[in-house]
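Using the numbering used here, the letters of the sequence shown correspond one by one to residues 3 to 566.
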Amino acid sequence: MTIMECVGCTLIAYGVPFSMFVFTIAHHPFRIIISMTSAFFWLLSLLVSSLLWFAVVPLRDKLAFAVPFAVVFQEIFRYLFYRVIKKAEIALQKVQMQELTAKGMVFDRFAVAYAAGYGFGLISGTFAIVNVLSDMIGPGTIGIFGHSQDFFIATAFLTLCIILLNTFWSVIFFTSLDKGGIHRILGPGIVLLTHMLFSCIHTMTSSSPKNIALVGSGNWGTAIAGHIGEKVRELKGKYNEKINMWCKEETLDDGSKLTEVINKEHENVKYLPDQKLPKNVIAVADLIEAVKDADILIFVIPHQFVKKTCEQLKDKVKKDAFALTLIKGFYVDEKTNELLLVSEIIKNTLNIPCLSMMGANIANEVAEKIFCEATVGSRDDKHSEDVRELIDTSVFRLRFYPDVEIIEMLGALKNVVAMLAGFSEGLQAGFNTRAAVLRLGFREMINFCRLYKKESTPDIYLESCGIADLVASSLGGRNYNGAKKMAETKKSLKDIEKEDLNGQSLQGPGTAKETFRYLQAKNLLDEFPLFRDAYLICEQKIEPQVFLENLSNHPEFSRKQPKQ
């Protein structure tokens with residue numbers, strides 16, 4: 003905000019009101035007193051309404067209740083001020099007219115209404131612009147951080163409107179009450195309705211930009227944070243440009259803190275090296291601090307940490323926020339053997355809606371802006387539009403389906419099949435065999451999804467969350483590479499994560515374990531031999547070679563073929 007811009011906006015907001023004061027109020031001491039007293043009454047309305055508002059706990063966060071609540075209290079205090087003025091008029095009438103005239107205190111009802119409205123509007127408008135000034139971050143910024151560059155000038159015009167409208171409303175209000183009859187109802191009613199309408203329109207058009215927070219800063223989390231960070235800078239006004247990215251604090255080999263390095267170098271040197279992040283992506287070590295103001299929470303952490311993380315966030319996120327999970331995995335309850343999706347855990351723990359996004363999205367390629375696509379599971383058009391605005395670009399296209407559960411499940415199961423593809427490669431299986439592994443693995447994915455939810459959109463399996471994600475992950479993803487290394491070296495997966503994957507977690511083993519437990523509880527392990535063997539290999543209970551030997555006995559080959 004430059005000095006010239008500040009002066010210009012001040013003139014817009016207060017130029018006309020200042021002229022009104024100089025030419026119509028300043029030379030009349032009685033009008034000055036009326037204006038000051040009415041401003042005091044407005045402050046009283048603010049104080050009383052704030053105290054009562056704080057007491058009404060169930061409705062405190064409901065904007066639809068907040069606007070009428072504030073407007074009604076302002077109009078009540080406008081009426082109370084009118085009653086005070088009437089009492090003052092009666093008292094003044096007892097004073098000799100000569101004394102009133104000599105002191106310039108002739109009682110003009112129109113002038114009183116005008117001065118009262120001016121005081122009401124001046125203090126109300128000043129509060130509006132002071133709220134904006136309090137949100138100023140510092141030199142070189144305009145309005146709230148991340149908002150439109152026209153925000154401050156728009157607020158200046160709004161302040162002017164508030165002052166003029168309150169002056170107009172008080173004239174109508176007071177004059178109507180003085181006339182009596184039907185005017186006593188009609189005038190205040192018009193003022194109340196127009197005041198309510200103005201406040202609602204103002205609230206809808208001047209809402210603060212939405213805040214975005216990422217829960218997770220691994221390879222994929224950092225890549226999507228960079229993508230969204232660049233996108234919000236193009237969407238002037240609707241979203242706060244500052245993107246908080248929760249980063250579990252780690253000490254690097256040189257002794258420096260990972261969050262400090264990310265914020266200084268604008269690069270996640272551990273999990274996504276050599277890829278620069280936009281400067282508006284800020285790494286935050288404190289989880290609660292990272293998400294406390296977020297309207298949109300994007301979860302990108304290993305699925306085994308979801309429950310613990312959500313418990314930490316319980317009652318700490320905004321009630322009207324929503325979540326988007328990019329996490330590929332699920333849980334099976336140890337007591338009930340019920341399958342729980344990540345989106346369900348987030349939704350039930352935080353009590354907010356949760357969408358899912360899955361697809362063929364290798365993190366490094368997303369960071370390098372190589373074309374990709376993803377599938378979003380959502381049954382809410384409003385939240386879908388936010389996701390589209392934040393993520394969809396010419397190099398990252400989105401498709402939306404209502405099959406939230408199937409989309410999320412496919413994203414998890416493909417990691418298991420990708421590991422089987424890695425085992426095949428590590429064992430130097432032929433291309434025909436590897437193709438068979440992918441086909442049979444994909445068949446088990448579909449059968450498992452139908453076991454969990456019988457009805458789904460048929461095309462969903464052909465979307466990016468299905469066959470495309472499986473192919474991409476089976477050609478070079480983290481789970482594929484880890485499994486390949488295990489088959490080649492006989493190392494445990496934990497050692498591979500530590501020594502070869504820079505500490506990054508493989509999602510396949512965890513999903514294989516949950517899948518095994520779910521199928522075992524339903525006595526269906528023999529119907530899903532690839533999923534069964536994947537778990538046993540990860541636990542080092544069988545050698546990778548065994549699953550290849552079992553391929554020819556897959557139940558798929560004994561099923562009745564469809565008639566031609």
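Ideal Cβ positions, reconstructed from N, Cα and C, are used throughout, including at glycine.
Counterpart residues of residue i in DSSP-defined beta bridges
i	result
I245	I214 and V283
V378	M359 and F402
E269	K278
K259	T253
I298	I214 and F324
Y333	L342
T395	F398
Cβ-based burial, residue i [other Cβ within 10 Å; buried from 16]
i	result
Q151	Reliability of the predicted coordinates at Q151 is poor, the pLDDT of 46 falling under 50, and the value obtained from them is presented with this limitation in mind. Exposed.
I165	buried
H29	exposed
S396	exposed
P211	buried
G191	exposed
S507	buried
R85	exposed
G140	For G140, the pLDDT reaches just 37, beneath the cut-off of 50, and the residue's location in the model is therefore unreliable, although a value from the coordinates is still provided. G140 comes out exposed.
L53	exposed
C50	It is worth fixing the name first, because residue 50 is Val in this sequence and not Cys. Answer is exposed; the Cβ neighbour count stays below 16.
E370	exposed
D471	buried
I146	Legend: pLDDT at I146 = 38, less than 50; position of this residue unreliable, no value from coordinates given.
L341	buried
Q277	buried
I144	Note that I144 scores 33 on pLDDT, short of 50, meaning its location in the model is unreliable; the coordinates nonetheless yield the value given after this. It is buried - the Cβ of I144 has at least 16 other Cβ atoms within 10 Å.
S426	buried
S136	With a pLDDT of 47 at S136, under the threshold of 50, the modelled position of that residue is not reliable, and the figure given next carries that caveat. Exposed, by the Cβ-count rule.
N525	exposed
A41	buried
P19	buried
N483	buried
V548	exposed
G17	exposed
V9	exposed
A437	exposed
Whether residue i touches residue j by CB criterion (7 Å)
i	j	result
R80	F175	yes
W248	V302	no
F307	I354	no
I245	V217	no
F559	Y537	no
G361	S258	no
C374	I155	no
P546	L429	yes
R567	A117	In the structure as shown, the chain begins at 3 and stops at 566. Residue 567 is therefore absent and cannot be evaluated.
V419	S358	no
I408	C451	yes
E516	V334	yes
V173	A215	no
K330	N417	yes
T224	L274	yes
Q76	S47	yes
A485	M421	yes
A376	N366	no
I462	Y403	yes
V293	C202	no
N350	D295	no
A423	S476	yes
I290	K318	yes
V389	V378	yes
Cβ distance (whole Å) where residue i is taken to contact residue j below 8 Å
i	j	result
N44	S126	It should be pointed out that residue 44 corresponds to Trp in this sequence rather than to Asn. Yes, W44 and S126 are in contact; Cβ-Cβ is about 6 Å, under 8 Å.
L503	R480	7 Å
L260	E251	6 Å
T169	Y120	5 Å
F332	M411	7 Å
K320	D297	6 Å
Q509	P280	So it is not a contact: roughly 27 Å between Cβ atoms.
L392	V234	7 Å
A15	T161	4 Å
D535	N552	6 Å
Y520	N339	6 Å
Interface flag, residue i vs chain D, CB-CB below 7 Å
i	result
K500	No chain D is present in this structure, which holds just one protein chain.
* **Length-filtered (4 minimum) alpha helix (DSSP H) runs lying within the stretch 156-213** => 185-207
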